[in-house]
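Input: a single structure, listed below in C-alpha cells.
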Amino acid sequence: MTASLPTVAAAIRAAMLTADPRDKAMATRAVARDWAAGRLAFAFDVAMPDSPARPAEPELLPPNRMPKRGRGGSERGRLALIHALCHIEFVAIDLALDAAGRFGAERGPDFVSDWLGVAADEAMHFSLLARRLRALGSLYGAMPAHDGLWDAARETAHDVAARLAVVPMVLEARGLDVTPQTIARFVAADDHTTARILQRIVDDEVRHVRFGTSHFAKLCEERGKPAPQLWKTLVAQHFRGTVKPPFNDSARRSAGLSCEMMAALA
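Mapped onto my numbering, the consecutive letters of the sequence shown carry residue numbers 1 to 266.
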C-alpha cells in the first residue's frame, strides 16, 4: 500500500514556524518545489499559525520607535536601507505562505501555486539581500526592524478579498512606486550590485501584484461587485495607512492596476 502524500498545509505551516531566516528561506523554496512536482497533497488538515516564528534578531520595534536611518547619501544610511528591505522580504515570505495555506482550500490549486511561487521569489529576494549585507560587513538582524507588515496579515485573516486588496494590491504595489528611486540612489552611490538586486526584485513584484489583481478580479466577478468599488471599500476598512501619489503608472498598469482603480483610491 502506497503511503499517502504529506499535505501542502502541513508543509506550509512547518515553513512558517521555522524561525531561522536561512532555514525558513530554504524550507519555503522546498515547499514550492515539492508542490510543483506533485509531492504534496491538496489538503488542509492543519490551521495556519496566527503569527510565524521569528528569530531572536532583529529586535522588532513599533514603527514610531525605529531609529532614523541616517543621511540619505551616507554609507550607514544605505546599509540601514538594505537591512530594512531585507526585513520586508523576510516578512513577505510568510505573507505569501499564509495566503496559500489560509485561503488555498477555498480558492483552489491554482491559487496555491501562485502564492507558493511568490513565497519562493520572496525567499530568493531575502537571500540576495542578506548575502549583500554580509558582503558589506553587516548581517540581517544587526539592526532593529518593525513588524507592521504582519499587522496586515492579522487584519485580513478572515477574508481572502481583503488580503488580496491590502497585501499585493497596496503594500506590494507601493514597492513598484518607490523602488525605482531607491535603485537610482544606489546607482548614484556607485553600488551597482545592490541596484541590480533591487531591479530583479521590482521586476518580480510586478508579477506578484498581477497575481493579486487577477485573483481579486475573479473574486469580484463571483461576488457580483465592481472591482474598483470593492477594492476601495476593503482598503478603507483594513488598511491603516494612506495611498497617495506619485504612482509608477506603467508598472501598475503592467500589474493590472488600472487607472480607474487608482482613481477610486487616490
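All C-beta atoms in this analysis are idealised placements derived from N, C-alpha and C, irrespective of residue type, glycine included.
For T156, no alpha helix (DSSP H) segment is defined, and its DSSP state is neither H nor E. S138 and M124 have their alpha carbons spaced roughly 19 Å apart. If you ignore the 5 residues before and after W115, its C-beta comes within less than 6 Å of the C-beta of A96, A99, A100, all in its own chain and listed in chain order.
Note on geometry: alpha-carbon atoms of A47 and R102 lie some 7 Å from one another. When DSSP reads this structure, L257 sits in no beta bridge, so it has no partner. Secondary structure in the stretch 174-234: the alpha helix (DSSP H) runs of 4 residues or longer, each lying completely within the stretch, are 192-223 in chain order. Looking at D110, L61, D121, the one whose alpha-carbon comes closest to that of F90 is D121.
Here L40 carries a coil assignment [DSSP, helix/strand/coil]. A Cβ-Cβ distance of about 17 Å is found for the pair A10 and D50, leaving them out of contact under the 8 Å criterion. Cβ atoms of H83 and M16 stay farther apart than 8 Å, at about 22 Å.
Taking the C-beta atoms as reference points, L81 is found no nearer than 8 Å to A162. A check of alpha carbon separations from P168 across A152, I183, T179 identifies A152 as the nearest.
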